[in-house]
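Residue numbers (the working numbering): 19 to 126.
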């Protein structure tokens, strides 16, 4: 399934990364299996596009990065129950920032 990927691939990935955290923290079952497959495919496509464009380093495959991030977020939803959506958004931005820092071409 093709995904429309914006030219600002880093910002697009940030938005998707935050969204999946917020939806996951909204409650168990908030992200259904078809949504998880969609997120994984979109993450992979965004990462690979960024790698081809030189925005992201290509030292790790998009598959591995997508699986690692989404697995971490899924387990976050098992123990973290923020009191407000604002807290979920803050956590989402924190997770997304760490993801993007690891993907940047200058990262170790």
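Each residue gets a CB set at the ideal place from its N, CA and C atoms; glycine is no exception. Treat the numbers as computed from the prediction; the structure is a model and nothing was measured.
Distance between residue j and residue i (C-alpha atoms, nearest Å)
{"i": "residue 107", "j": "residue 64", "result": "21 Å"}
{"i": "residue 114", "j": "residue 28", "result": "10 Å"}
{"i": "residue 93", "j": "residue 117", "result": "16 Å"}
{"i": "residue 34", "j": "residue 124", "result": "22 Å"}
{"i": "residue 19", "j": "residue 79", "result": "Residue placement at residue 19 cannot be trusted, given a pLDDT of 42 that sits under 50; what the coordinates show is reported in the next sentence. Spanning the two alpha carbons is a distance of roughly 19 Å."}
{"i": "residue 38", "j": "residue 71", "result": "24 Å"}
{"i": "residue 84", "j": "residue 62", "result": "6 Å"}
{"i": "residue 23", "j": "residue 32", "result": "12 Å"}
{"i": "residue 88", "j": "residue 102", "result": "21 Å"}
{"i": "residue 69", "j": "residue 122", "result": "9 Å"}
Residue i, DSSP secondary structure in three states
{"i": "residue 116", "result": "helix"}
{"i": "residue 122", "result": "strand"}
Run of the alpha helix (DSSP H) containing residue i, from where it starts to where it stops
{"i": "residue 35", "result": "27-43"}
{"i": "residue 92", "result": "80-97"}
Touching or not, the segment 68-75 and the segment 50-60, by the rule of three or more beta carbon pairs under 8 Å?
-> As far as the Cβ criterion goes, the segment 68-75 does not touch the segment 50-60, which means the pair count is below three.
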